[in-house]
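Chains as they are written, first to last, in our numbering: chain U, 1 to 590; chain X, 1001 to 1288. Data block below; observations after.
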């Protein structure tokens, strides 16, 4: 693989020395420029799963900004290209910020709409030349600093350099936590936020990088064709091209967009030759069919297709290099704990939640003390999961307060976003398991690491050794170390529950909320899960557990709250709850 | 004041047309949680069908209506069977790019077959203007607006009054439960797609008398249709109606009074503002 990549780059470097055909070089220059933009699109659309159908805007902004600066103010395009990147980044953040907090449909829509609005505005805006566009000052051709040459090779090498930059950037994203977090957002953003991953931050980062590189490609394109007008740089077909190249090649991989750019260029030339003479547009018929086929048969594109024939290769964040045999089996114990003070760690006070006319939570109060295992029991519809969703920020309560003691201070959690709450030391699992099925077990664990105080710069660095050792220890503990390179989706149901538990524990949360940890699991696995919960509790982790299975809570919990109909009906030791007449009446209908 | 009134009346009429264009889009969004990026391409195809019925068979839009709507229904069912059914279980990203591929395919096939020219028809019955509230409005636009209202009315009574309509609503709310009750969910989806594209066909038929068709005509409506659904709130039948009228008024008033060439910018601004303030739309229900 490395040899192949090196060979391709070598060939690309030597190409102009060997081939002098101007028509061919012209084609290659365009492929490299479009390929760079496709690679940039892939950062956001591929890794982050946020599809943009309006990348022509950033391409156009790059082209227009540098050209305006050059032709009106005499600023060299070598400086203007960065100004263009800056403008594009600014616009991308303005669009991304409001739409990224919503489901991804809206982002796709907003980009589609943005492209159309910008195109029409530029078409009618005299300052930017309206429909006529702008011409570069060609009389300055070949002078230093003008980025204009009468020969093709300088453009070729510049385009190649840009393509190299785009690929390098993609490689960095792919190999670091940035790419990993983007993938978790792509696969299940809610689950990512429950781990404390600030989704919008990474989406905005990917968007900014993507817009900047696309704008650089736009400047280069303008310098090459020597004019800018709405139909050459802002047209919807440009947006389509970038997206289709990345999607067909294989989104979320470094080689995908490159393969896609090459493949589609060949395809459109071939299809053009085959069908040509009927007018333009056939390329796009072919593109349309191609991405529908990709969607239906192989969403991972050509790269995914190739992967089928050469399985077993792993991509993305590399797994642990050398397993230090036997060493990792011990779980590094949690920070020193003194005698357990019976101080409430988590307090829920008078919590209310309504859904329309239904009162799902009515004046619910409970507290969890450090070192406890507290159970929440109750029939279906009692409001248990709603309670969890309110505490972890997935639902906004209508009244009451939720207080968590962390770093010696009590913090209010109500109304805060899930990722922030998770970063305060609160972890949760979901009733329906939500691991990231397309990531390996090891990558899932990496995603679970501490995100509090993790800066963007940190996310570009390798995961610290101490963290990796902890991950290894936990994986060995739950018995998933040998499966570390398997996709989490390939694990059995019980194993996925173990993985979800291990992921919640990675960052040493002060309280772990488990939503039906043993539901749907066979008895042996139930025993293993209970064993792990007990073990972790001995290590100092506090648990709040929703469970239907009364026997499990009887064995594990030190205290139990019984909920019914949105209220806490009873509270006490498991034995007391089991003997409570109200509880029996509500639970068993006796 | 006169200018404002005329902009408002024109905006209202166009708003009802937009409501018709976005009706089917909102329906599929609500029933199956799939966003059909290709929806307005079907409007474009219906406009071509109406054009050729007029030129080839000398049928006026009213004459062409039953045939085109039937074709639309068939195209919807076919789209479901050929493409959508296979991506139901796929990730949202895959669903988005699949229907986007459909958009490209339909648009550029039309481009290859019909060429890039703008085509229009003359419909004597819709020539001239009607005076509404003292404002003259293009008669063809009024017909299109009435067709929009009629389509909403028909669809509403179908969904409320018939057993099949209720089954469709049940499927939208909970497909698993619907299946358990013996509703043939697969058929309901076919029906939803058929109805969705049939409404797009109605829109196409009534647009053609005052709006020339070209392969990229969908572009002019795609933003408006999405903005209508988002603004009105998806998951409700009348959401797109409210949203469409709101968009028509914004476009009409802001476009006429401030800057006609930038009217789409106002629509886009309204769309972004709606996302900021109320992502569930005017009539939409809050989602967990």
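In this text, a Cβ means the ideal position worked out from N, Cα and C, and glycines have one as well.
So, with DSSP's three-state summary, where would you put residue 370(U)?
Residue 370(U) falls in the coil class under three-state DSSP.
Kindly list the residues whose CB is nearer than 6 Å to the CB of residue 1136(X), restricted to its own chain and excluding five residues on each side of it in sequence; keep chain order.
Here the set comprises 1129.
Helix, strand or coil for residue 125(U) per DSSP?
Residue 125(U): coil per DSSP, three-state reduction.
I need the DSSP call for residue 278(U), collapsed to helix, strand or coil.
Annotation note: pLDDT 43 at residue 278(U) (below 50); position unreliable, coordinate value reported separately. DSSP places residue 278(U) in coil when its eight states are reduced to three.
Any residues in the stretch 117-146 of chain U with a beta carbon nearer than 7 Å to a beta carbon of chain X? Which ones, in chain order?
Those would be 117, 120, 121 and 124, in chain order.
Give the interface partners of residue 105(U) over in chain X, defined as CB-CB distance under 8 Å, in chain order.
Under the 8 Å cutoff, chain X gives 1035, 1092 and 1096.
Among 1049(X), 1252(X) and 1258(X), which has the Cα closest to the Cα of residue 1203(X)?
Nearest of 1049(X), 1252(X) and 1258(X) to residue 1203(X), Cα basis: 1049(X).
Kindly indicate which three-state DSSP category residue 384(U) falls into: helix, strand or coil?
It is helical.
List, in chain order, every chain X residue whose beta-carbon is nearer than 7 Å to that of residue 99(U).
Correct list: 1275.
Say whether chain U places a C-beta atom closer than 9 Å to the C-beta of residue 1109(X).
Yes, because at least one Cβ of chain U sits closer than 9 Å to the Cβ of residue 1109(X).
Considering only residues of the same chain and omitting the five flanking positions on each side of residue 1118(X), which have a CB-CB separation below 6 Å?
Result list for residue 1118(X): 1212 and 1214, in chain order.
Select from 366(U), 360(U), 188(U) and 361(U) the residue whose C-alpha is nearest the C-alpha of residue 348(U).
Measuring from the Cα of residue 348(U), the nearest candidate turns out to be 366(U).
Does any C-beta atom of chain U lie closer than 9 Å to the C-beta of residue 1176(X)?
Answer no: the Cβ-Cβ gap between residue 1176(X) and chain U never drops below 9 Å.
Determine the chain U residues that contact residue 1265(X) at a beta-carbon separation under 7 Å, and present them in chain order.
Result: 117 and 121.
In the structure shown, what three-state DSSP assignment does residue 1136(X) receive?
Three-state result, residue 1136(X): strand.
Helix, strand or coil for residue 58(U)? Go by DSSP, reduced to three states.
Note: residue 58(U) maps to helix in three-state DSSP.
Please identify, using Cβ separations under 7 Å, the residues of the stretch 1180-1202 of chain X that lie next to chain U, in order along the chain.
Within the stretch 1180-1202 of chain X, no residue qualifies.
Might you give, ordered along the chain, the residues of its own chain that have their beta carbon closer than 6 Å to the beta carbon of residue 410(U), omitting 5 neighbours on each side?
For residue 410(U), where only same-chain residues beyond five positions count, the Cβ hits under 6 Å are 403.
How many whole angstroms separate the CB atoms of residue 58(U) and residue 215(U), which I take to be in contact at a CB cut-off of 8 Å?
About 5 Å; that satisfies the 8 Å criterion.
Hey, could you find the ends of the beta strand (DSSP E) residue 543(U) is sitting in?
Run containing residue 543(U): 542-546, per the beta strand (DSSP E) assignment.
Report the three-state DSSP secondary structure of residue 336(U) (helix, strand or coil).
Since pLDDT at residue 336(U) reaches only 41, below the 50 mark, its modelled position is unreliable, and the value read off the structure follows with that caveat. DSSP places residue 336(U) in coil when its eight states are reduced to three.
Distance, Cα to Cα, residue 1054(X) vs residue 1086(X)?
Each residue's Cα considered, the two are about 36 Å apart.
Let me know the beta strand (DSSP E) ranges lying completely inside the stretch 1115-1200 of chain X, each 3 residues or longer, listed in chain order.
For the stretch 1115-1200 of chain X, whole beta strand (DSSP E) runs of length 3 or above, ordered along the chain, are 1129-1132 and 1135-1138.
For residue 487(U), list the residues DSSP reports as bridge partners.
DSSP output for residue 487(U) lists 440(U) as bridge partner(s).
Please classify residue 1302(X): is it buried, with 16 or more other beta-carbons within 10 angstroms of its beta-carbon, or exposed?
No information on residue 1302(X) is available, as it lies outside the stretch 1001 to 1288 that chain X covers here.
Report the option in 1237(X), 1224(X), 1275(X) and 1170(X) whose CA atom is closest to the CA atom of residue 1250(X).
Cα-wise, what sits closest to residue 1250(X) is 1224(X).
Quick one: is residue 1088(X) buried, meaning 16 or more other Cβ sit within 10 Å of its Cβ, or exposed?
When all chains shown are included, residue 1088(X) counts as exposed.
Can you name, in chain order, every residue of its own chain whose Cβ lies under 7 Å from the Cβ of residue 65(U), other than the five neighbours on each side?
Closer than 7 Å at the Cβ level, and outside the excluded window around residue 65(U), lie 80, 83, 84 and 87.
Kindly indicate which three-state DSSP category residue 1211(X) falls into: helix, strand or coil?
It is coil, neither helix nor strand.
Measuring only the C-alpha atoms, how far is residue 204(U) from residue 1093(X)?
Cα to Cα, residue 204(U) sits roughly 18 Å from residue 1093(X).
Taking its Cβ as the centre, do 16 or more other Cβ atoms sit within 10 Å of residue 90(U), making it buried, or is it exposed?
With fewer than 16 other Cβ atoms within 10 Å, it is exposed.
In three-state DSSP terms, what is residue 575(U)?
Residue 575(U) falls in the helix class under three-state DSSP.
Can you tell me whether residue 1018(X) is buried or exposed, with buried defined as 16 or more other CB within 10 angstroms of its CB?
Buried: at least 16 other Cβ atoms inside 10 Å.
For a contact defined as C-beta to C-beta under 7 Å, what are the partners of residue 53(U) on chain X?
Chain X residues near residue 53(U): 1100.
Would you say residue 1021(X) lies against chain U (beta-carbon separation less than 9 Å)?
Cβ-Cβ to chain U under 9 Å: no for residue 1021(X).
Looking at chain U, is there any beta carbon in it that lies within less than 9 Å of the beta carbon of residue 1217(X)?
It does not: the Cβ of residue 1217(X) has no partner Cβ on chain U nearer than 9 Å.
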